[in-house]
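There are 2 protein chains.
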Amino acid sequence: MARVHNFSAGPAALPTSVLAEIADEMMDYRGCGMSVLEMSHRSSMYQQIIDDAEATLRRLLSIPDNYRVLFLQGGATLQFAGIPMNLMRRGRAGYVVTGNFANKAYKEAAKYGEAVLLASSEDTNFDRIPTMADVNARIAAEAAGDGLDYVYICQNNTIFGTMYHELPACGDVPLVADVSSCFLSQPLDVERYGLIYAGAQKNAGAAGVTVVIVRDGLIADGPAFAQTPQYLDLKTQAAKGSMLNTPNTFGIYVCGKVFRWVEQTGGLAAMAERNWAKANLLYDLLENSKLFHGTAQTDSRSIANVTFRTGDADLDAAFVAGAAEHQIQNVKGHRLVGGMRASVYNAVTMEDVQALATYMKGFEAQHSLSPRSN
Amino acid sequence: MARVHNFSAGPAALPTSVLAEIADEMMDYRGCGMSVLEMSHRSSMYQQIIDDAEATLRRLLSIPDNYRVLFLQGGATLQFAGIPMNLMRRGRAGYVVTGNFANKAYKEAAKYGEAVLLASSEDTNFDRIPTMADVNARIAAEAAGDGLDYVYICQNNTIFGTMYHELPACGDVPLVADVSSCFLSQPLDVERYGLIYAGAQKNAGAAGVTVVIVRDGLIADGPAFAQTPQYLDLKTQAAKGSMLNTPNTFGIYVCGKVFRWVEQTGGLAAMAERNWAKANLLYDLLENSKLFHGTAQTDSRSIANVTFRTGDADLDAAFVAGAAEHQIQNVKGHRLVGGMRASVYNAVTMEDVQALATYMKGFEAQHSLSPRSN
Numbered sequence: 001m002a003r004v005h006n007f008s009a010g011p012a013a014l015p016t017s018v019l020a021e022i023a024d025e026m027m028d029y030r031g032c033g034m035s036v037l038e039m040s041h042r043s044s045m046y047q048q049i050i051d052d053a054e055a056t057l058r059r060l061l062s063i064p065d066n067y068r069v070l071f072l073q074g075g076a077t078l079q080f081a082g083i084p085m086n087l088m089r090r091g092r093a094g095y096v097v098t099g100n101f102a103n104k105a106y107k108e109a110a111k112y113g114e115a116v117l118l119a120s121s122e123d124t125n126f127d128r129i130p131t132m133a134d135v136n137a138r139i140a141a142e143a144a145g146d147g148l149d150y151v152y153i154c155q156n157n158t159i160f161g162t163m164y165h166e167l168p169a170c171g172d173v174p175l176v177a178d179v180s181s182c183f184l185s186q187p188l189d190v191e192r193y194g195l196i197y198a199g200a201q202k203n204a205g206a207a208g209v210t211v212v213i214v215r216d217g218l219i220a221d222g223p224a225f226a227q228t229p230q231y232l233d234l235k236t237q238a239a240k241g242s243m244l245n246t247p248n249t250f251g252i253y254v255c256g257k258v259f260r261w262v263e264q265t266g267g268l269a270a271m272a273e274r275n276w277a278k279a280n281l282l283y284d285l286l287e288n289s290k291l292f293h294g295t296a297q298t299d300s301r302s303i304a305n306v307t308f309r310t311g312d313a314d315l316d317a318a319f320v321a322g323a324a325e326h327q328i329q330n331v332k333g334h335r336l337v338g339g340m341r342a343s344v345y346n347a348v349t350m351e352d353v354q355a356l357a358t359y360m361k362g363f364e365a366q367h368s369l370s371p372r373s374n
Numbered sequence: 001m002a003r004v005h006n007f008s009a010g011p012a013a014l015p016t017s018v019l020a021e022i023a024d025e026m027m028d029y030r031g032c033g034m035s036v037l038e039m040s041h042r043s044s045m046y047q048q049i050i051d052d053a054e055a056t057l058r059r060l061l062s063i064p065d066n067y068r069v070l071f072l073q074g075g076a077t078l079q080f081a082g083i084p085m086n087l088m089r090r091g092r093a094g095y096v097v098t099g100n101f102a103n104k105a106y107k108e109a110a111k112y113g114e115a116v117l118l119a120s121s122e123d124t125n126f127d128r129i130p131t132m133a134d135v136n137a138r139i140a141a142e143a144a145g146d147g148l149d150y151v152y153i154c155q156n157n158t159i160f161g162t163m164y165h166e167l168p169a170c171g172d173v174p175l176v177a178d179v180s181s182c183f184l185s186q187p188l189d190v191e192r193y194g195l196i197y198a199g200a201q202k203n204a205g206a207a208g209v210t211v212v213i214v215r216d217g218l219i220a221d222g223p224a225f226a227q228t229p230q231y232l233d234l235k236t237q238a239a240k241g242s243m244l245n246t247p248n249t250f251g252i253y254v255c256g257k258v259f260r261w262v263e264q265t266g267g268l269a270a271m272a273e274r275n276w277a278k279a280n281l282l283y284d285l286l287e288n289s290k291l292f293h294g295t296a297q298t299d300s301r302s303i304a305n306v307t308f309r310t311g312d313a314d315l316d317a318a319f320v321a322g323a324a325e326h327q328i329q330n331v332k333g334h335r336l337v338g339g340m341r342a343s344v345y346n347a348v349t350m351e352d353v354q355a356l357a358t359y360m361k362g363f364e365a366q367h368s369l370s371p372r373s374n
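Heads up: the sequence lines are chains A and B, in that order.
Positions 1 to 374 (UniProt numbering) are the ones given, in order, by the first sequence.
Positions 1 to 374 (UniProt numbering) are the ones given, in order, by the second sequence.
Structure below.
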């Protein structure tokens, strides 16, 4: 069949040109007589692949020389432990809880030291990012008091469809951000952060690769926690060029191709423009709909994950079930919140979004006489 | 160019039929309109892929129902910590050190409890597996004394070309084995072990997948170490079907295809027969050579990694450098030991090995008048 309109929250749609290249190179990578899947990670051929991936990413994000770029495994979940193990040097870090993954990170950090809850939007079911003035005041107070090793945020909340539109002001305290679902969606000022990390399976490539970008001064003394597994020791991983052991070689190769594609299609500013055009097409539709409504507060809306519902669980289920007929896949909301979610990552096209909008309008017309339960 | 003879120690050669299938399915997996790289790990399509991979592996190894099969990330290096964190319940485990990776595991375990050195072959540069009678006597004494949570072995030592031909007798103490480089090379009696794990990048599929097979009773009480990262909690990972978070979806898909290929080509007994035929072709050549000699003691030889040298570092370098002309790749020994290594994993064909043997004989004839330095 033709390729579908894939709104998966991750692993997610990839550019068809990238997939075509991968297929083309599968039996014989550029005349070397083997697949990338078969290459020794210690070979010069493979070193060129990982070096190119890093170099392209450095160009895309203008990563300063004093930041290291790592390609690790284990996803955000493993970094929930790895970050405090490496950085909680005085044993105290601040967490802003804006959803499920921020909350998991917060709970995991408490295994390794004191995790201070700086702010939470749980009271409104995580439909917003907390007011930055309040967050900033709390950070300043904690920093002046017992001190903080870092401030942790989840910059885009995939499940709840929210995103920071302004970063917290952390002063001298390093900012650590899980940017998994907004990584490469838009420009990002690396120098504002001490550490950024992203699961690659949304915008950056293949599941099984975690990109970590860290200021070298933060990891110069090695892990803070004596019993840190060597795999999670960021200083050692940086010294070994992400090859303390065999990395996810094929996943990194996919990421390198996606980085190139982002560069070749205009870089991050152009990407952000296209992404907002796609997201706003849906947000505008939701604002004008009598059936659907968005779940995120307006000033906290995500560039990548558009969450919405009808207010009627049966209608939501009918919408999700009927999508496949229109070649639309993966619009069911996360099991924690229900409703619908359309992830409009980089490789999702405007045509995909238009197809979804057309289906939504048709569904609304068909159900316009139905009573709306809230 | 044509595909080369690839003797890489890992990531390593894959069956060409598997690569062809992957290429064929890259843009559209079996008519579903997307690539496996783009599939939500929560989709029914992907669940079928991981379930099939596990079912095939269970058939291949006759894995009993009371053993869990996990597909994790981070390689053996992450499990070097994960194993003691989960299993070192009384804080004391025995390690047999037969090479670099066993030694790394031994050192990592000492972060989490007492790592008891049961035996080592370092005195002869790891050219052998220690005498099993001695190992068994030591295990019995430790078990009767302060006790052991488990006995740890590295069953095949990729760098040194050695392999256990007999497992230690552990009595009631669970046996834990890193089988990375002999996994699926030959039949294996899962019930002899408490836990087996393998990096998939040798015989089982793609780098970035670690297969863990563990007896459920061993993990029923959760991790032994309170500060175990949740990612490494084997009980939780088992309860979540390896999907505590996004797994290496594509890597697991590759593994599933390789498992199928092993099954379709006759299963593990037939595989072992072919593997020994390949390895023995080289071992016989080495025994009869006046130039080359094998480095592993005869009764400790690996089924998968044939290590050899001339005794003259310049000749070794010339051999490695000249291989590419014969479409032979990755025969350089590990940087820790030098010399040469030919890994003859499942997907390396007899024709590949014959090409190497032909090159070795030709090289020997060419250098037969050279003095041999040891």
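Every residue, glycine too, gets a C-beta built ideally from N, C-alpha and C.
It should be emphasised that the depicted structure is a prediction, and the values quoted were computed from it without experimental measurement.
> The beta strand (DSSP E) with A/S44 in it runs from where to where?
Replying inline: Here A/S44 belongs to no beta strand (DSSP E); instead the alpha helix (DSSP H) covers 44–61.
> When the Cα atoms are used, what is the spatial distance from B/R192 to B/S62?
Replying inline: Roughly 12 angstroms between the two C-alpha positions.
> Using 8 angstroms as the limit for Cβ to Cβ distance, is A/Y345 near chain B?
Replying inline: Not closer than 8 angstroms to any Cβ of chain B, the Cβ of A/Y345 fails to qualify, so no.
> Which residues of chain A have a Cβ atom closer than 7 angstroms to the Cβ of B/I22, listed in chain order?
Replying inline: Residues of chain A passing the Cβ test: M26.
>> Check whether the region 351–358 of chain A and the region 28–45 of chain A are in contact - that is, three or more C-beta pairs closer than 8 angstroms.
In response: Segments in contact, no.
> Within the 8 angstroms Cβ cut-off, does B/Q201 reach chain A?
Replying inline: B/Q201 counts as touching chain A.
>> Per DSSP, what are the beta-bridge partners of A/C154 in this structure?
In response: Residue pairing by DSSP places A/C154 opposite A/D178 in a beta bridge.
>> I'd like to know whether the C-beta atoms of B/L282 and B/A342 end up nearer to each other than 8 angstroms.
In response: Yes; because the gap between Cβ atoms is below 8 angstroms, this pair is in contact.
> Taking just the CA atoms, how far does A/A204 sit from B/E54?
Replying inline: So the alpha carbons of these two residues sit roughly 28 angstroms apart.
>> Just to make sure I have the definition right: I need the residues of chain B whose C-beta is within less than 7 angstroms of the C-beta of A/K111. Which are they?
In response: The contacting residues are Q227.
> In the structure shown, what three-state DSSP assignment does A/F7 receive?
Replying inline: Correct three-state label for A/F7: coil.
>> Measuring straight from C-alpha to C-alpha, what distance separates B/R92 and B/Q48?
In response: Looking at the backbone, the Cα of B/R92 and that of B/Q48 are separated by about 40 angstroms.
>> Tell me which residue opens and which closes the alpha helix (DSSP H) that A/R138 is part of.
In response: Residues 132–144.
> Beta-carbon of A/R3 versus every beta-carbon of chain B: anything under 8 angstroms?
Replying inline: True, the Cβ-Cβ gap to chain B drops below 8 angstroms.
> Looking at C-alpha atoms only, which residue of B/R68, B/T349, B/L336, B/R301 is the closest neighbour of B/P130?
Replying inline: Nearest C-alpha to B/P130: B/R301.
>> Give me the residue from B/K290, B/A304, B/H334 with the minimum Cα distance to B/A365.
In response: Ranking the options by Cα distance to B/A365, first place goes to B/K290.
>> Tell me the rounded alpha-carbon separation between A/Q327 and A/A318.
In response: The alpha-carbon separation between A/Q327 and A/A318 amounts to approximately 15 angstroms.
> Can you tell me whether A/R128 is buried or exposed, with buried defined as 16 or more other CB within 10 angstroms of its CB?
Replying inline: Classification of A/R128: buried, given that the 10 Å Cβ count is 16 or more.
> Just how far apart, CA to CA, sit A/A20 and A/D189?
Replying inline: Rounded to whole angstroms, A/A20 to A/D189 spans 32 angstroms at the Cα level.
> When we look at the beta-carbon of B/Q354 and count the other beta-carbons within 10 Å, is it buried (16 or more) or exposed?
Replying inline: It counts as exposed.
> Looking only at its own chain, which residues have a Cβ that is under 7 angstroms from the Cβ of B/N374, when we skip the five neighbours before and after it?
Replying inline: With a pLDDT of 43 at B/N374, under the threshold of 50, the modelled position of that residue is not reliable, and no figure is offered here.
> Does DSSP put A/L336 in a helix, a strand or coil?
Replying inline: Coil at A/L336, not helix or strand.
>> Quick check on DSSP: helix, strand or coil for A/Y253?
In response: Residue state, collapsed to three classes: helix.
>> Which residues does DSSP list as the beta-bridge partners of B/E114?
In response: For B/E114, which the question treats as bridged, DSSP gives the partners B/R92.
> What are the residues of the region 33–58 of chain B that lie near chain A, defined by any Cβ-Cβ distance shorter than 9 angstroms?
Replying inline: Going along the region 33–58 of chain B in chain order, one finds G33, M34, S35, V36, L37, E38, M39, S40, H41, R42, S43, Y46 with a Cβ nearer than 9 angstroms to chain A.
> B/G338 to B/M163, Cα distance in whole Å?
Replying inline: Roughly 19 angstroms between the two C-alpha positions.
>> DSSP has residue 461 of chain B in a bridge; who is on the other side?
In response: Since the displayed chain B opens at 1 and closes at 374, residue 461 of chain B lies outside it and no answer follows.
> Which residues bound the alpha helix (DSSP H) around A/Y283?
Replying inline: Element bounds for A/Y283: 267–288.
> Name the residues in the region 237–252 of chain A whose C-beta lies less than 8 angstroms from a C-beta of chain B; which are they?
Replying inline: Cβ proximity to chain B below 8 angstroms picks out L244, N245, T246, P247, N248, T249, F250, G251 from the region 237–252 of chain A.
> Comparing alpha-carbon positions, which option in B/N136, B/M340, B/G217, B/A238 lies nearest B/T295?
Replying inline: The shortest C-alpha separation from B/T295 is found at B/M340.
>> Here's the rule I'm using: 16 or more other beta-carbon atoms within 10 Å means buried, otherwise exposed. How should A/P229 be labelled?
In response: Counting the other CB atoms within 10 Å of its CB gives A/P229 a total of 16 or more, which places it among the buried residues.
>> Here's a check: name, in chain order, each residue in its chain whose Cβ is nearer than 8 angstroms to the Cβ of B/L60, leaving out the five neighbours to either side.
In response: Cβ neighbours of B/L60 beyond the five flanking positions: L184, F259, V262, E263, G267, L268.
>> In whole angstroms, give me the CA-to-CA distance for B/G10 and B/T249.
In response: Using only the alpha carbons, I get a separation of about 20 angstroms.
>> Looking at chain A, is there any beta carbon in it that lies within less than 8 angstroms of the beta carbon of B/E364?
In response: In terms of beta-carbon proximity, B/E364 stays away from the interface with chain A, with every pair separated by 8 angstroms or more.
>> Measuring straight from C-alpha to C-alpha, what distance separates residue 390 of chain B and A/L232?
In response: In the structure displayed, chain B extends from 1 to 374; residue 390 of chain B sits before or after that span and is not available.
> Going by C-alpha distance, which of A/V209, A/D216, A/W276, A/N275 is nearest A/G256?
Replying inline: Here the closest residue by C-alpha is A/V209.
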